[in-house]
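Have a look at the structure below before the remarks.
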Amino acid sequence: MPVTVLIVDDSKLARIVAGKALAELQPDWRKLEAGSAAHALDVIAEQTPDIALIDFNMAGKDGLELAAELRVLLPEMPVAIITANIQDEIIARAREIGAAFVAKPVTADALEPFLSGAALRLRSQRA
Numbered sequence: 019m020p021v022t023v024l025i026v027d028d029s030k031l032a033r034i035v036a037g038k039a040l041a042e043l044q045p046d047w048r049k050l051e052a053g054s055a056a057h058a059l060d061v062i063a064e065q066t067p068d069i070a071l072i073d074f075n076m077a078g079k080d081g082l083e084l085a086a087e088l089r090v091l092l093p094e095m096p097v098a099i100i101t102a103n104i105q106d107e108i109i110a111r112a113r114e115i116g117a118a119f120v121a122k123p124v125t126a127d128a129l130e131p132f133l134s135g136a137a138l139r140l141r142s143q144r145a
C-alpha cells in the first residue's frame, strides 16, 4: 500500500525542497501539498495522508496549531514540524503534541530519521 505524505508550507519553494528530499528517500511515496493550515484541512477532507510535514511559521494558524488539530482527527499519524526557528520552546511544544522536529532547510539527511521512524510506525499499524 503506497504511503502518502502531506507537505504543508506557505512557501512553494519550501514545498518543492521538502518534496525533493522526500523523493530522494522514498521515490515510491505520494505527496500532497497545501499552502496553509486551512488548505491542509481541505486536502485531508478529500484524501487522508499517512504522514504530515508541517511548516511552523504560516499565516493564520501556525504549524503547531495545525498539528494539534491533526492529532484529534488522525491520532496515529506521524507528524513533523519543519522550521528554521530552532527554539527550545517550539521543540518542546512539538513534542507535547507528539510531533517530531525537522530543521529547515529540509534535506534528505535531516528528514531521513523522521521518515524511517514513520515508516516503522505505519508498518506496525497496518500489520
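The sequence shown begins at 19 in my numbering and counts up one residue at a time. Just so it is clear, CB atoms sit at the ideal spot from N, CA and C, and this is done for glycine as well.
Three or more Cβ pairs closer than 8 Å define a contact, and the stretch 108-123 meets that threshold against the stretch 80-100. Under the 10 Å beta carbon count, Val90 is surrounded by fewer than 16 other beta carbons and is classified as exposed. If you compare the alpha carbons of Ala126, Ala85, Lys38 with that of Ile108, the shortest gap goes to Ala85.
Comparing alpha-carbon positions, the option among Ala39, Pro20, Gly78, His57 lying closest to Val26 turns out to be His57. Between Asp28 and Ala77, the CB-CB gap stays under 8 Å. In the structure shown, the three-state DSSP call for Glu42 is helix. Judged by DSSP secondary structure, Leu50 falls within the beta strand (DSSP E) whose first and last residues are 48-52. In the displayed model, Phe132 falls within a helix according to three-state DSSP.
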